[in-house]
Amino acid sequence: MVTLTAQRSTLRTTRADLIAQFIFEDNDVFKKQIAELKASLKDISAVFKAATFRGKEQETLLLYPKGILAKRLLLVGLGKSEKLNLEKLRRASATCAKTAQASKAKSVGLVEPDAAVLAKARVDLGENQWESVGKALGEGAALGVYKFDKYLTSTENKNTLKQVIIASNDVKRSKQVSKGLKQAQVVCEATYFARDLENAPANEIYPASLARRVIASARRNKFRVRVFDKKKIKQLGMGGLLAVSQGSVNPPRFIIMEHNAGKMRMPTVVLVGKGVTFDSGGISIKPAGGMGEMKMDMSGAAAVIGTMQAAAQLKLPVHLVGLVPGTENLLGGAAMKPGDVLTHYNGKTSEVDNTDAEGRIILADALSYATRYKPELVIDLATLTGACVVALGHYATGMMGNDQDVMDQLKVSGERTYERVWQLPMYEEYEKLIKSSIADVKNVGGRWAGAITAAMFLKKFIGDYKWIHLDIAGTAILDESLDYIPKGGSGVGVRLLIDFLKHWKKG
Ligand code: BES
Ligand code: MN
Ligand code: ZN
């Protein structure tokens, strides 16, 4: 990943392949900024061109002025100062880094946004303004230039950008920006890790290789891992995970990660991530078109693994446990069949009406296994239902749970990180949709409210703890790029959960 650094320098003195200057749209500010450019550039034709710029959001102008150490100058509009927020900074920063990358730059400098304007703007830029600004700029730049390029054999198509510099001409500000960048470095590296796992094809990432990647990160970052193989999974009675894996040659794994293990005085939070490394639908097979996307059906697991890594690096004061049931969902002579009845880890039974509703079947085992840790709170993340994508599209994660206060806290983290969540109801009436006449519950609920009936199924398997279910089917897998999320796996969940864990009040 790119290195994010703060530096005491200015537009003129920053040495980089491209330097970016943010411009506000407000009339008075704009005039002042152009006058400042004039003073520092000493290049009439560049200043002349700059004057045609308006400073509108996402507007850019690339110049090659004399008199600065950087090779190119990019003017980037931030819009009206009173409308500024952290998300706009992330997007503008992504634009800078992507423009630099497009010209094969190795380094990009960003001049801090005008301090006087920010001080006056009275917009909410977080508790610690310059730290938040640094963090947002770092995140936008790093996440924006992510590329899954390991299988591209020609170097022509590979990323060149190595360094992002935030230039500040004030020591105090620069220190705060640097603090923000350090956090951005950690959460973005974890998001890269999650995206790499998601985008990796299913012939690279299958349950055993997923577990190996976790072990490698755990060694580097000093968190604990245990991996259960098929035999152990069977012994423990995880009948759901076992059944879903039955049709595959690649055996299942149950991965357990732990940060601050044994710290008795810390509250315990368990994260559970759906780790279906490929979902063909099983015997209830999916249509062929776009089936390759289902290599990303382990995005919940990727989010949990990335969060574990970041939490360990940031030394978050919480006993954090990550549980990943890992399996493929394939067809074969031994595959699970519609009509099968399964017995889960907690002894409850489920009837399989559709083998393509496999996520809830494996999560049932993991959610009941979570009880062993006597957690304060359990959060599961899963690319669980197409119905959630229909309901919320790509801009919000579906949220359900049994405790309003903690869901409200997660919602705030969603707004802050812009990994937004939207709550769906869990009215008891939905429960009758998943009634089975031969088992405790049925794994599908029919045509309506598919995201909710999936959550109702999960609810049958939770223990005596606060619980939040996040359906990331729409937010984890993108068929088109957004500002700082390239097409493919988004790594959603890492920034959200880290922000949540930092601010969590257990109430
Ligand atoms: N992994 C899919 C859900 C999914 C769909 C994720 C599209 C991302 C994009 C899940 O296992 C699944 O197949 N769900 C079924 C459930 C149905 C059979 C009740 C679905 O949503 O169609
Ligand atoms: Mn499925
Ligand atoms: Zn699935």
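To convert, note that position 322 of the sequence shown is 364 in our numbering; the numbers rise steadily by one, no gaps. We treat Cβ as the ideally placed atom computed from N, Cα and C, and that holds for glycine. Source: prediction; values computed, not measured.
Selection from the options that minimises the alpha carbon distance to residue i
i	options	result
I480	K146, P359, K390 and P329	K390
Y387	A399, Y411, L372 and N396	Y411
K316	E124, S326, V286 and S290	V286
V431	W464, I65 and E198	W464
K328	L373, G364 and G304	L373
D482	R489, G488 and K474	K474
P367	A352, G324 and D422	D422
H545	M280, T459, A345 and Y193	T459
A408	K224, P380, G364 and N241	G364
F503	A429, F296, K305 and R402	R402
Q225	A352, A330 and L83	A352
G456	A496, G440 and Y469	G440
A136	I540, K148 and L524	L524
I110	D85, Q100 and N170	D85
R57	L384, I514 and V206	V206
V153	L239, G549, L128 and G176	G176
T202	V213, A163, G334 and S145	S145
A40	G332, A497 and D395	As displayed, the chain neither begins before 43 nor continues past 549, which places residue 40 out of reach and without an answer.
T413	L278, D506 and L239	D506
S210	K508, W172, L239 and Y415	W172
L512	L128, A345, M350 and G334	A345
P309	I325, L362 and I247	L362
G282	T369, A303 and K221	T369
A163	Q143, L185 and N127	N127
Beta-bridge partners of residue i, as assigned by DSSP
i	result
Q49	A209
R307	The partner list for R307 (beta bridge, DSSP) is empty, contrary to what the question assumes.
N371	D321
V89	V89 pairs with nothing; no bridge assigned.
T391	T385
F270	F296
I65	G119
R114	L60
T102	V118
H301	L362
I527	L524
V314	L365 and D422
Environment of residue i [buried if 16+ CB atoms lie within 10 Å]
i	result
D191	exposed
N245	exposed
R307	exposed
T195	exposed
G180	buried
N32	Nothing can be reported for residue 32: it is not among the residues displayed for the chain, which extend from 43 to 549.
R254	exposed
P243	exposed
W490	exposed
V159	buried
Y437	exposed
I527	buried
R96	exposed
E522	exposed
R295	buried
P467	exposed
E470	exposed
R261	exposed
T495	buried
K548	exposed
S123	buried
G237	According to the sequence displayed, residue 237 carries Arg and not Gly. By the neighbour-count rule (16 or more Cβ atoms within 10 Å), R237 is buried.
S268	A small correction: the amino acid at residue 268 is Arg; Ser does not occupy that position in the sequence shown. By the neighbour-count rule (16 or more Cβ atoms within 10 Å), R268 is not buried but exposed.
Residue i at chain D interface by Cβ criterion, 7 Å
i	result
M299	Included in the structure is just one protein chain, with no chain D present.
Whole-angstrom C-beta distance between residue j and residue i, which should lie under 8 Å
i	j	result
V71	D166	V71 to D166, Cβ: 19 Å. No contact.
T425	G492	About 13 Å separates the two Cβ atoms, so there is no contact after all.
V534	L419	Actually they do not touch by this definition, with Cβ atoms about 19 Å apart.
I65	L120	7 Å
Q355	V256	Actually they do not touch by this definition, with Cβ atoms about 15 Å apart.
V118	T94	Rounded, the Cβ-Cβ distance is 15 Å, inconsistent with contact.
L252	A343	7 Å
M99	K140	Going by the sequence as given, residue 99 is Glu instead of Met. Actually they are not in contact, since the Cβ atoms of E99 and K140 sit about 16 Å apart, beyond 8 Å.
K148	K217	Contact flag wrong, Cβ pair sits at about 26 Å.
S82	R114	Going by Cβ atoms, the distance from S82 to R114 rounds to 15 Å, so no, they are not a contact pair.
### Task
Give, in chain order, every unbroken run of the beta strand (DSSP E) that is at least 3 residues long and sits entirely within the region 404-456.
419-424 and 439-443
### Query
Can you list, in chain order, the stretches of the alpha helix (DSSP H) that have 4 or more residues and sit fully within the region 447-524?
492-501 and 515-518
### Query
Which runs of the alpha helix (DSSP H) fall wholly inside the region 145-171 and span at least 4 residues, in chain order?
157-163
### Task
Kindly provide the ranges of any beta strand (DSSP E) runs that are 3 or more residues long and lie completely inside the region 216-292, ordered along the chain.
266-270
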